[in-house]
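Numbering (the working numbering), first residue to last: 1 to 576.
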Amino acid sequence: MDVLKDLFYAVNEEGKRFDFDVLDTGKSLLLTLKKEVLWKCKQLRVLPELGSAKAGDEGYWILPRTISRVGEMQTFFTEREDVDYAYEKPMLSWYGIKKAGLCCLVRVYRNYWYKIHALIQNNEYAVFPEFDFTVHDEPYDDIRLEVVLLPENGDYNDMARAEREIRLSRGEIVTLAEKCKRPAVEYARKYPLVRIRMGWKPSPSSVYHQTEQNEPEMFVACDFKRVRDIADELKRQGVEGAELQLVGWNRSGHDGRFPQLFPADPRLGGNEGLKETIDYVKALGYRISTHTNTIDCYTIADTFEWDDVVVRRDGNYHQCGHYSGGYAYHVCLEKQWKNTKRDLPPLAAYGENGLHFTDVISIEIPDDCHAAGHPSTTENGVMYAQKIIEYTRGLFGGFSSEGCMDYALKDLDFGLYATFGNGFGKKVIPVADRYLPLFEVAYHGTVLYNPTATTVNYTAQPPEERLSMILRGGKPAMYFYSKFRTGGQKNWMGENDLTCATDEALRWSVARIKEACDEQLSLADKYLLFMERYDILDNGIEKATYSDGSAIVGNFSDAPVTYEGKEIPAWGYVVI
């Protein structure tokens, strides 16, 4: 312990050392660096020696994924070229260290923006959280970390399980079994999501700030009548259950005029068509929900107010993204809370009964805001994001969103994709020797999720994506018109799409949904279990082990393999 305490310090940009206060709880070590110290710093490297190693040492780091990685990064201590790699917005607020004499989980309290910084020079390894007080929040709170010591023979699975156990014990997350006491969540556990993008304008739009006079025309892919046709075809093909989720139903379609919602776009059938469709789908025995967005706002919206927009540290409005509505601006979390309570109750009155989808909120780190009238810190933003999710879930009976940031998981019922994965193309990360699904090990059994953007429409995708969806414990997310970006922009949700422009296309698409529904029903009870281990074995074999002792073993190769006497076909799996 005394040896470790010597490593519990931070250094600023001038190399000055600041020691943490350490509290040994018997279960973990709580580290605190007082906020008064932070005013002496522009940048701060935290615990720079704790994860140090040399090439040739046994062990590895586990570095949390961003929303653009397929998993957590495992870095072995091998000889390599010098690396200076830093990244922000980690999806999980912890990293892991395993080396001689130490196996631990380092938990970082998410009250400031920070980066994970991996530095390898002359084959000497260092990893540390790095804070920069010149870009986002000024110092306003202590920096707090928690070091959880694990058995020296522990591994990355122990790190992920420890995170889950800590958060469950503190009430920061709950089990999926608890969430399934809500009928909409229990239904979602058994049956696939079917998203239907109904209308959209060119994305990105060449008209950055749109008005009624210069707004581009909206393309209609699927009006409310065609949604009802989809529901009829689901019934005809014997799809036992599905939740239809309407995307781009609102004024000017997907990303058209957010946060404005109403009227439902007249070109799709208007408010009457929306109500008729909700009632129709429910009468067939399916569930239905809608897609909204309280974070992105466009100047054309009749609810747009500049006073709602995040103001950055440099005094400029936070313009973030360029979509169908033109330039998108981020709404301050405090203002989102106001808008949520204003905009969502009228929509809830239409009677949807699925997992209402609010875009973006669970895939981003909340913005800090420096507007004079509504300043908001990162911690305050997290608090308001959690309030919005909890409120929306209570209003509709269930909540889903785009991603699975760890601060959002208590009241998140389903994440459309845990990460984009390789949806925007594969990138070579110099410290990623391999990727591990440790979000899944930590949180399977507490939330439903589709693993990556490229496993959307998984029954229509290449074999590797189909198998990855199953091995990572994913819930099927099927999507009509997942591809909508124009002007050569990348569509990130898989190679293949569902469409309904013709009856033949509709029948083919529903057949893919039927496959997904049947497979989900066969595996639905697994969603209630914790994933205890994920192991990458030889010959392309990967194994997910569950808390009841069962396992799913997959064969990520082009040839059949045998595992414990069971033959697994190429790109297939067995349940044992």
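Every residue gets a Cβ at the ideal spot worked out from N, C-alpha and C, and that includes glycine.
Residue i, DSSP secondary structure in three states
| i | result |
| --- | --- |
| Gln43 | strand |
| Thr419 | strand |
| Ser468 | helix |
| Trp508 | helix |
| Asn606 | Lying outside 1 to 576, the shown extent of the chain, residue 606 is not represented and no answer is given. |
| Ile361 | coil |
| Asp558 | coil |
| Asp518 | helix |
| Asn157 | helix |
| Phe131 | strand |
| Gly256 | coil |
| Leu347 | helix |
| Ser482 | coil |
| Asp137 | coil |
| Tyr87 | strand |
| Ser52 | coil |
| Thr75 | strand |
| Thr340 | helix |
| Val309 | strand |
| Asp265 | coil |
| Val353 | As written in the sequence, residue 353 is Asn, which differs from the Val given in the question. Three-state DSSP puts Asn353 in coil, outside helix and strand. |
| Asn380 | helix |
| Ile230 | helix |
Contacts around residue i, its chain only, beta-carbon distance under 7 angstroms, and the 5 residues preceding and following it disregarded
| i | result |
| --- | --- |
| Ala242 | Tyr191, Pro192, Val194, Leu234, Tyr286, Ile513 and Cys517 |
| Phe133 | Leu38, Cys41, Lys42 and Pro139 |
| Ala231 | Leu244, Tyr280, Val281, Leu284 and Tyr286 |
| Ala570 | Asn555, Ser557, Asp558, Ala559 and Pro560 |
| Tyr327 | Tyr208, His209 and Gln319 |
| Leu467 | Gly554, Phe556, Trp571 and Tyr573 |
| Asp307 | Gly373 |
Distance between beta carbons of residue j and residue i, contact taken as under 8 angstroms
| i | j | result |
| --- | --- | --- |
| Cys297 | Tyr329 | 5 angstroms |
| Gly487 | Pro204 | 6 angstroms |
| Gly403 | Ile62 | Not a contact, Cβ separation roughly 20 angstroms. |
| Lys99 | Glu58 | 7 angstroms |
| Asp538 | Ser93 | Going by Cβ atoms, the distance from Asp538 to Ser93 rounds to 33 angstroms, so no, they are not a contact pair. |
| Gly15 | Val127 | Contact doesn't hold; Cβ gap of about 18 angstroms is too wide. |
| Leu31 | Arg144 | 7 angstroms |
| Val239 | Ile295 | In fact, because the Cβ distance is near 33 angstroms, the residues do not count as touching under 8 angstroms. |
| Leu119 | Asp141 | In fact, because the Cβ distance is near 26 angstroms, the residues do not count as touching under 8 angstroms. |
Beta-carbon contacts of residue i that lie in its chain and below 6 angstroms, excluding the five residues immediately before and after
| i | result |
| --- | --- |
| Ile568 | Asn555, Val561 and Val574 |
| Asn123 | Ala55 and Glu79 |
| Arg167 | Ile173 |
| Ile250 | Strictly speaking, residue 250 in this sequence is Asn, with Ile absent from that position. If we look at Asn250 and ignore the five residues flanking it on each side, its Cβ neighbours are Leu261. |
| Ile365 | Lys89 |
| Ala264 | Trp249, Gly270, Asn271 and Leu274 |
| Leu529 | Gly445, Tyr546, Ser547 and Asp548 |
| Pro276 | Inspection of the sequence shows that residue 276 is occupied by Glu rather than by Pro. Excluding sequence neighbours, Glu276 sits near nothing in its chain. |
Residue from the options whose Cα sits closest to the Cα of residue i
| i | options | result |
| --- | --- | --- |
| Met493 | Ile173, Asn539 and Thr419 | Thr419 |
| Phe20 | Asp406, Leu47, Gly26 and Glu14 | Leu47 |
| Leu448 | Leu395, Met531, Pro375 and Val428 | Met531 |
| Trp508 | Met478, Leu523, Arg69 and Gly488 | Met478 |
| Gly540 | Glu178, Gly572 and Asp525 | Gly572 |
| Leu471 | Gly549, Pro437 and Gln461 | Pro437 |
| Thr545 | Phe480, Phe484, Gly445 and Pro266 | Gly445 |
| Asn496 | Ala453, Tyr527 and Thr502 | Ala453 |
| Ala53 | Phe77, Glu36 and Arg69 | Phe77 |
| Ser482 | Ile295, Leu7, Asp548 and Met198 | Met198 |
| Tyr112 | Leu521, Pro90, Gly238 and Cys104 | Pro90 |
| Asp411 | Tyr391, Pro451, Gly421 and Phe424 | Tyr391 |
| Glu212 | Arg65, Ala301 and Ala126 | Ala301 |
| Phe480 | Glu215, Tyr95, Val227 and Lys34 | Val227 |
| Val3 | Leu102, Thr299 and Val108 | Leu102 |
| Ser289 | Ala348, Ser362 and Leu105 | Ala348 |
| Gly423 | Glu305, Asp367, Pro451 and Leu409 | Pro451 |
| Leu105 | Lys27, Asp142, Gln121 and Leu33 | Lys27 |
| Val309 | Tyr323, His291, Ser324 and Lys338 | Lys338 |
Residues of its chain near residue i, where Cβ-Cβ distance is below 8 angstroms and the 5 sequence neighbours each way are ignored
| i | result |
| --- | --- |
| Glu519 | Thr459, Ile470 and Pro476 |
| Glu542 | Leu471, Tyr534, Asp535, Ile536, Val553, Gly554 and Phe556 |
| His136 | Tyr112, Trp113, Arg313, Asp368 and Thr378 |
| Leu395 | Leu344, Pro345, Ala348 and His356 |
| Arg267 | Gly199, Met218, Val220 and Asp223 |
Contact test: residue i Cβ vs the ligand GTP heavy atom, cutoff 8 angstroms
| i | result |
| --- | --- |
| Glu217 | By its list of ligands, the structure shown contains no ligand whatsoever, and the ligand GTP lies outside what it can speak to. |
CB contact check: residue i to chain C, cutoff 9 angstroms
| i | result |
| --- | --- |
| Val428 | Among the protein chains of the structure shown there is no chain C, as only one such chain exists. |
Quiz item: Can at least three beta-carbon pairs, one atom from the segment 216-229 and one from the segment 544-558, be found at a separation below 8 angstroms?
Solution: Result no; under three Cβ-Cβ pairs closer than 8 angstroms.
Can we say the segment 173-185 touches the segment 141-157, given the rule of at least three CB pairs closer than 8 angstroms? For the pair of segments examined, the segment 173-185 was found not to touch the segment 141-157: the number of CB pairs separated by less than 8 angstroms stays below three.
Taking three-plus beta-carbon pairs below 8 angstroms as touching, is the segment 423-434 in contact with the segment 151-168?
Contact between the segment 423-434 and the segment 151-168 is absent, because fewer than three Cβ pairs lie under 8 angstroms.
> Quick check: the segment 309-316 against the segment 346-364, are there 3 or more CB pairs under 8 angstroms?
Replying inline: As far as the Cβ criterion goes, the segment 309-316 does not touch the segment 346-364, which means the pair count is below three.
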